[in-house]
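Some notes on the structure that comes next.
Residue numbers (my numbering): 43 to 205.
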């Protein structure tokens, strides 16, 4: 079977879905190929990773339609304290402190578990017209031609993409 897409993204971590959603908003047909089965990372026991999302990241997630589905799961960062020190010696007596009240834009960012962010990406990609997610697939071969690229997946599926 051969599928045709405008843009092929090999990798479904965090950047692949974010890029796919932004491109789909621009009217492109996007296919995301991800080696991991889609819902594995969204499971409660996946691995406990969490991200500190800066204000700019939250704005991006809002623009691509992901943030509304996860805002209630995120914890605001209202204060940051940075210090210096060496292992075994403890923290230095000096530190920098940042307070969200001083920037007058709300929280400086948010903390969010990976599983919630990835589940929101999956939901947004499923709802977005123009995005195809091929999970549990890996790229086995690629060939560049005059009109783009042809990629063969481990399942034997072939994809042609302009980019």
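Each residue gets a CB set at the ideal place from its N, CA and C atoms; glycine is no exception.
Span separating the alpha-carbon of residue i from that of residue j
i: residue 136; j: residue 127; result: 10 Å
i: residue 89; j: residue 188; result: 43 Å
i: residue 80; j: residue 46; result: 21 Å
i: residue 140; j: residue 132; result: 21 Å
Test item: CB-CB of residue i and residue j under 8 Å
i: residue 62; j: residue 74; result: yes
i: residue 117; j: residue 153; result: yes
i: residue 72; j: residue 178; result: no
i: residue 204; j: residue 48; result: yes
i: residue 192; j: residue 180; result: no
i: residue 166; j: residue 102; result: no
i: residue 196; j: residue 182; result: yes
Cβ shell of residue i (< 6 Å), same chain only, five flanking positions each side left out
i: residue 174; result: 73
i: residue 91; result: 156
Residue i burial status per 10 Å Cβ neighbour count (16 or more: buried)
i: residue 122; result: exposed
i: residue 108; result: buried
Residues of its chain near residue i, where Cβ-Cβ distance is below 8 Å and the 5 sequence neighbours each way are ignored
i: residue 190; result: 202, 203, 204, 205
Proximal residues to residue i (C-beta, below 7 Å), its chain only, five neighbours per side dropped
i: residue 158; result: 112, 115
i: residue 199; result: 43, 45
Beta strand (DSSP E) runs wholly inside the segment 108 to 140, at least 3 long, in chain order: 117 to 119, 121 to 128
Entirely enclosed alpha helix (DSSP H) segments - the segment 46 to 75, minimum 4 residues: 57 to 67
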